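Novice: Top to bottom, those sequences are chains A and B.
Note that our numbering has the first sequence beginning at 15, numbered continuously upward.
Note that our numbering has the second sequence beginning at 15, numbered continuously upward.
First the structure, which I've put down as structure tokens, then a few questions once you've had a look.
Protein chains: 2
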Amino acid sequence: MKITRPTLLLDKEKCRKNIQEMALKARNHNLRFRPHFKTHQSAEIGKWFKDFEVNSIAVSSVEMADYFSQNGWNDITIAFPFNQLEINEINILAQQIKLNILLISSESIEFLKKNLKNKIGFYIEVDTGYHRSGIRSENINEIGSILNQSKNFPFLDFKGFLTHSGNSYHAKSQKEILQIHHESLQKMTNLKSRYLSQFPELKLSIGDTPCCSLMNDFTEIDEIRPGNFVFYDIMQYNLGSCSIGQIAVALACPVVAKNQELNEIIIYGGAVHLSKEYILQNGSKCFGYIVRLRKSGWEKSLKNTFITSLSQEHGIIKTTDEEFDKINIGDIIGVLPVHSCLTANLMKQYLTLDEEIIPHMQKKC
Amino acid sequence: MKITRPTLLLDKEKCRKNIQEMALKARNHNLRFRPHFKTHQSAEIGKWFKDFEVNSIAVSSVEMADYFSQNGWNDITIAFPFNQLEINEINILAQQIKLNILLISSESIEFLKKNLKNKIGFYIEVDTGYHRSGIRSENINEIGSILNQSKNFPFLDFKGFLTHSGNSYHAKSQKEILQIHHESLQKMTNLKSRYLSQFPELKLSIGDTPCCSLMNDFTEIDEIRPGNFVFYDIMQYNLGSCSIGQIAVALACPVVAKNQELNEIIIYGGAVHLSKEYILQNGSKCFGYIVRLRKSGWEKSLKNTFITSLSQEHGIIKTTDEEFDKINIGDIIGVLPVHSCLTANLMKQYLTLDEEIIPHMQKKC
């Protein structure tokens, strides 16, 4: 297939290997593997997980739960705070599949008591340090209040405590990730100890890709829900969660101009393809690394060569004298994205190295 | 219509007024108004421009040119460096409509001589200070080389010089925008003086919304191509290009949680809805201002209340004690986006205050 405009390439082999490794890790640590499908958002890629005995998934919206339930998944956790405005869609889904939601306030229980029409599982989302959403793990009053209020309501089935240590994304070193992970484990374990006698079936679920990729201590944890590992990206590479060779997606971009004076290459590939997510590279913004594309995929990224600026459709690559001369107008070069979830969400489909087109969930319009 | 998930609201009246004002400004300054349609990317919104005698447009991709040509537009400039890999699509379009492309290197002329099958207009894109793409206006050698090489090739019709002073987006004050504008005008005027005798029909085209909104000196300029003004946004408001009341889109978002300790409101509305574009507000990242929604639209934004953090689907709003108490779980609040082009591109449709659904161009899959 001739590529003429920005196209998201997927190296299926790398992707399947990423899935296999995480599935193995979960098995070795006796953890339920509930991959988060918000990264790939693809029924087809979802199927690859079945080869590794995955039967339960997490998603980040009711819309996504609906999409994957229509594609054969029947055990889904919506890992996003319960949105009472979507109660109708949730009631319909709960009739069809094993559905779990996240609760983070006792207010929601009152609402659910009035409006829930089918049995549903719920996790209490706990904040163990990220401070995005969830009840602080020390806030035993609020946790107790949710558990008390839900106790005699047969449609609400308490499953356990869930956290997402997204603060690992801000870590400056693996040592810091280790520390974040252990603090989180400690807080989760405390909750388990406190409530296990009352709820002998309660589970602990953790989620972020850096911790799931790098850590080896999962004492007391029952379930992991990483998502990004399926593709990985430059952000994960910079955190040390993966090697550059594990990154399974690259945006193929036409080279449209060169600026000799500034050693800059201008590509067709901008914020509407990659997203504006960046990392800091020697103090400067970097929106993607550059790789040379071959029929068999791509190899390591080009030295001192990255996207330094992005507008709606343009990407500007700063490079070295040597690489500058080797890249020509009309070439297609590859960009390893900073945040593969956002890039995939923008691109809405994948092209494998075998030239198979794999669809991504579309926005319901 | 009951809103249950993030929905991009469009205040049609504000939008039409923005169009009218820019159209009037162009008429008063005797400029051709060639609005850039990359912001709204909507055939329906495009039609509103017809009421103001607009017949020519700019777009940022061949795909978009194709979409608007299918929707009745027959004079289109693709305001993005010529991508030789899309020559087939360009040949087809050039057969159907009056098409202009941008050239920024003499290399492209050689390619076009071999591959162009229909007459096409071209502008030389000139860099007057933004340093994104285009030939530096002082680089008379390269400009001369393009003009010489294209001279005897009947399919290539030189239209003039085009620039986008995107550096106005980095200005710290209106005085600085004025300075950028005048430097750009000077450089463009120099080119006109130099080549007008040889090309008596040559035109000068400028583009950015800050300059087109704020400036009143367009001496020697023939055409303006602003795009963002159709909706405006927080970035433009911060540059002084518009009032807060002119912003014509707001993302309606469900409130899903509140964090009393931190005065934070958690909304369903994240990077996949708003994009990760931000401005700095007192040194902190701000991903959107917050407004209260009414049936008739929205009013001024809430004091000291903005989105301070965005992940894939979550938005975190920091607010004051007073506002915190007035916002409840289950409410729908509005977010004025930082960059409306990227938000519209992600949302892929609009809902007007009269509950009319207006489609946005879809990604070709």
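Don't be surprised by glycine CBs; every beta carbon is placed ideally from N, CA and C.
Model, not experiment: these values are computed from the prediction.
From A:K206, A:Q326, A:D345, pick the residue whose C-alpha is nearest to that of A:R308; which is it?
Specialist: Among A:K206, A:Q326, A:D345, the Cα nearest to that of A:R308 is on A:D345.
Novice: For A:F320, which of A:I330, A:K127, A:H43, A:K314 has the nearest alpha-carbon?
Specialist: The option with the nearest alpha carbon to A:F320 is A:I330.
Novice: Apart from the five residues just before and just after A:Q363, which ones in its own chain have a Cβ nearer than 8 angstroms to its Cβ?
Specialist: For A:Q363, where only same-chain residues beyond five positions count, the Cβ hits under 8 angstroms are L22, I371, I372, P373, H374.
Novice: So, at 8 angstroms on beta carbons, what are the nonlocal neighbours of B:V352 in its own chain, with the 5 sequence-adjacent residues on each side left out?
Specialist: For B:V352, where only same-chain residues beyond five positions count, the Cβ hits under 8 angstroms are D247, I248, M249, L288, S289, E291, Y292, I293, C300, F301, G302.
Novice: Give a yes or no on whether the minimum CB-CB distance between B:Q98 and chain A is below 8 angstroms.
Specialist: It does; some Cβ of chain A falls within 8 angstroms.
Novice: Quick check on DSSP: helix, strand or coil for A:V352?
Specialist: In the structure shown, A:V352 sits in coil (DSSP, three-state: anything other than H, G, I, E or B).
Novice: Does chain A have any CB closer than 8 angstroms to the CB of B:T319?
Specialist: Not one chain A Cβ lies under 8 angstroms of B:T319.
Novice: Please state whether DSSP places A:Y144 in a helix, a strand or coil.
Specialist: If DSSP states are grouped into helix, strand and coil, A:Y144 belongs with coil.
Novice: Determine, for B:P224, whether the minimum Cβ-Cβ distance to residues of chain A falls below 8 angstroms.
Specialist: Not an interface residue.
Novice: In chain order, what residues of the region 287-306 of chain B put their CB closer than 8 angstroms to some CB of chain A?
Specialist: So the list reads S289, K290, E291, given in the order they occur along the chain.
Novice: Thinking C-alpha only, which one of A:K272, A:G135, A:S119, A:G283 is nearest A:G148?
Specialist: Among A:K272, A:G135, A:S119, A:G283, the Cα nearest to that of A:G148 belongs to A:S119.
Novice: Who are the near neighbours of A:T142 in its chain, counting only those whose CB is closer than 7 angstroms to its CB and skipping five residues on each side?
Specialist: Once the five neighbours on either side are set aside, the close Cβ partners of A:T142 are S151, T177, S179, E197, S198, K201, M202.
Novice: Around the Cβ of B:P168, are there at least 16 other Cβ atoms within 10 angstroms (buried) or fewer (exposed)?
Specialist: Per the 10 Å Cβ criterion, exposed.
Novice: Using a Cβ cut-off of 7 angstroms, which residues of the region 354-368 of chain B contact any Cβ in chain A, in chain order?
Specialist: Of all residues in the region 354-368 of chain B, C355, L356, N359, K362, Q363 have a Cβ within less than 7 angstroms of some Cβ in chain A.
Novice: Quick check on A:H244 - is its C-beta less than 8 angstroms from some C-beta in chain B?
Specialist: Looking at the sequence itself, residue 244 of chain A is Val, so the reference to His does not match. No, its Cβ sits nowhere closer than 8 angstroms to a Cβ of chain B.
Novice: Restricting to Cα atoms, I'd like to know which of A:N359, A:T333, A:L210, A:I90 is closest to A:I347.
Specialist: With distances taken between Cα atoms, A:I347 lies closest to A:T333.
Novice: Answer yes or no: do B:K52 and B:C355 have a C-beta to C-beta separation smaller than 8 angstroms?
Specialist: For B:K52 and B:C355, yes; Cβs fall inside 8 angstroms.
Novice: Relative to the C-alpha of B:V349, which residue among B:A266, B:H195, B:F47 is closest?
Specialist: The shortest C-alpha separation from B:V349 is found at B:A266.
Novice: Could you list which residues in chain A have their beta carbon closer than 9 angstroms to that of B:Y282, in chain order?
Specialist: The contacting residues are S75, F94, P95, N97, L99, E100.
Novice: How long is the line joining the alpha carbons of B:E124 and A:Q274, rounded to whole angstroms?
Specialist: Going by the C-alpha atoms only, they are around 19 angstroms apart.
Novice: Please confirm whether A:K217 has its beta-carbon closer than 8 angstroms to some beta-carbon of chain B.
Specialist: Not an interface residue.
Novice: Just mark A:D368 as buried or exposed, buried being the case when its beta carbon has 16 or more other beta carbons within 10 Å.
Specialist: That one is exposed.
Novice: Under 8 angstroms, CB to CB, which of the residues in the region 139-171 of chain A have a partner in chain B?
Specialist: Of all residues in the region 139-171 of chain A, H145, R146, S147, R150 have a Cβ within less than 8 angstroms of some Cβ in chain B.
Novice: Of all Cβ atoms in chain B, is any one closer than 8 angstroms to the Cβ of A:G348?
Specialist: By this cut-off, A:G348 is not an interface position.
Novice: With burial defined as no fewer than 16 other Cβ atoms inside 10 Å of the residue's Cβ, what is the status of A:E139: buried or exposed?
Specialist: With 16 or more other Cβ atoms within 10 Å, it is buried.
Novice: Would you kindly check if the distance between the Cβ of B:I343 and the Cβ of B:S271 is under 8 angstroms?
Specialist: Here residue 271 of chain B is Ala; the residue named in the question, Ser, does not match the sequence. For B:A271 and B:I343, yes; Cβs fall inside 8 angstroms.
Novice: Give the list of continuous alpha helix (DSSP H) stretches no shorter than 4 residues that lie fully inside the region 44-75 of chain B.
Specialist: The region 44-75 of chain B contains these whole alpha helix (DSSP H) runs: 57-64.
Novice: Is A:T322 close to chain B, meaning its C-beta is less than 8 angstroms from at least one C-beta of that chain?
Specialist: No, A:T322 lies away from the interface with chain B (no Cβ there is under 8 angstroms from its Cβ).
Novice: Determine, for B:A285, whether the minimum Cβ-Cβ distance to residues of chain A falls below 8 angstroms.
Specialist: Chain A contact via Cβ: present.
Novice: Short of 6 angstroms in beta carbon distance, which residues of its chain neighbour B:Q98, apart from the five on each side in sequence? Order them along the chain.
Specialist: Correct list, in chain order: F125.
Novice: According to the neighbour-count rule (16 or more other Cβ atoms, all chains shown, within 10 Å of its Cβ), is B:Y314 buried or exposed?
Specialist: Note that residue 314 of chain B corresponds to Lys in the displayed sequence, not to Tyr. It counts as exposed.
Novice: Along the chain, which unbroken stretches of the beta strand (DSSP E) at least 3 residues long are found entirely within the region 261-339 of chain A?
Specialist: Listed in chain order, they are 263-273, 278-282, 293-295, 298-300, 302-308, 320-324, 328-332.
Novice: Looking only at C-alpha atoms, which of A:I101, A:L365, A:K378, A:Q376 sits nearest to A:M15?
Specialist: Here the closest residue by C-alpha is A:L365.
Novice: How would you list, in chain order, the residues of chain A whose beta-carbon sits under 7 angstroms from the beta-carbon of B:I118?
Specialist: The answer, in chain order, is A271.
Novice: If you follow the beta strand (DSSP E) that A:K173 is in, where does it begin and where does it stop?
Specialist: Element bounds for A:K173: 170-176.
Novice: Would B:H184 pass as an interface residue toward chain A - the criterion being a Cβ-Cβ separation below 8 angstroms?
Specialist: No, no contact with chain A.
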